């Protein structure tokens, strides 16, 4: 069985060659089955594959297929005692983001909170992955009408990005975060106008 670097290399080749979604899914599921047959030796690789599958199914909106993948990833991370590690935090973020995309906001909120708590030590205050976590959490708040909290998360993400960027003026992530803040502020204004009309 290959290692994670070989797995990612093969996936990169498949994407570069415009492999079909079915081919990518089949490859990942085949590799997952191989690791599960010898799980004690291949737990780290198995977790890498589960994280890839979470992103794959999320991007395709295949939330029903993704649910057991999410559960397996969280269970495996717990079995591997990854709480308080970067790998564990990454798995939590991927799981929460997949649950948010599926509209399972309560579960996503709980797991995001756990990821945010762990990230203080596993990622540190100047890690762009932490900025991505704040961005993802802002999407959850925005989708559930909590625009003020969404803006707060985006501002935290922006601060991290500005402090870590080598070229802030041309940083795509900074530009995207500014755009998201503007959209969240428009959403907040729209909600306030709607509330005012209902009170008239």
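Residue numbers (our numbering): 4 to 203.
Here a beta-carbon is modelled for each residue, glycine too, at the ideal position from N, C-alpha and C.
It should be emphasised that the depicted structure is a prediction, and the values quoted were computed from it without experimental measurement.
Worksheet item: Alpha carbon to alpha carbon, how far is residue 145 from residue 18?
Response: 31 Å
Worksheet item: By DSSP, does residue 65 sit in helix, in strand, or in coil?
Response: coil
Discussion item. Suppose contacts are defined by Cβ-Cβ distances below 8 Å. Is residue 118 in contact with residue 96 by that definition?
Written reply: yes
Fill in: Minimum Cβ-Cβ distance from residue 69 to chain C less than 8 Å
The structure shown contains no chain C; it holds only a single protein chain.
Worksheet item: So which of 147, 198, 139 and 129 has the shortest CA-CA distance to residue 209?
Response: Residue 209 lies beyond the stretch modelled for the chain, which goes from 4 to 203, so this question has no answer here.
Practice prompt. Please name the residue in 84, 77, 87 and 85 whose C-alpha comes closest to that of residue 99.
Written response: 77
Practice prompt. To the nearest angstrom, report how far apart residue 93 and residue 80 are at their CA atoms.
Written response: 10 Å
Worksheet item: Can you give the Cα-Cα distance for residue 143 and residue 21, rounded to whole angstroms?
Response: 31 Å
Worksheet item: Does the distance from the CB of residue 131 to the CB of residue 164 come in under 8 Å?
Response: yes
Discussion item. Quick check: residue 116 and residue 61, are their CB atoms within less than 8 Å of each other?
Written reply: no
Practice prompt. Report yes if the C-beta distance between residue 72 and residue 85 is below 8 Å; otherwise report no.
Written response: no
Practice prompt. Compare the Cα-Cα distances from residue 109 to each of 147, 74, 82 and 123 and report the closest residue.
Written response: 147
Worksheet entry | Proximity of residue 122 and residue 51 at Cβ, strictly below 8 Å | no
Worksheet entry | Backbone secondary structure at residue 168 - three-state DSSP | coil
Worksheet item: Near residue 91, which residues of its chain fall below 6 Å by C-beta distance, leaving aside the five closest residues on each side in sequence?
Response: 80 and 85
Worksheet item: Which term fits residue 114, buried or exposed, when burial requires 16 or more other beta carbons within 10 angstroms of its beta carbon?
Response: buried
Fill in: Continuous alpha helix (DSSP H) stretch holding residue 174: start and end
Here residue 174 belongs to no alpha helix (DSSP H), and DSSP marks it neither H nor E.
Discussion item. Using a Cβ-Cβ cutoff of less than 7 Å, which residues in the same chain neighbour residue 124 once the five nearest sequence positions on both sides are dropped?
Written reply: 87
Worksheet entry | CB contact flag (residue 9, residue 59, <8 Å) | no
Item to complete: In angstroms with no decimal places, state the Cα-to-Cα distance between residue 175 and residue 202.
Response: 41 Å
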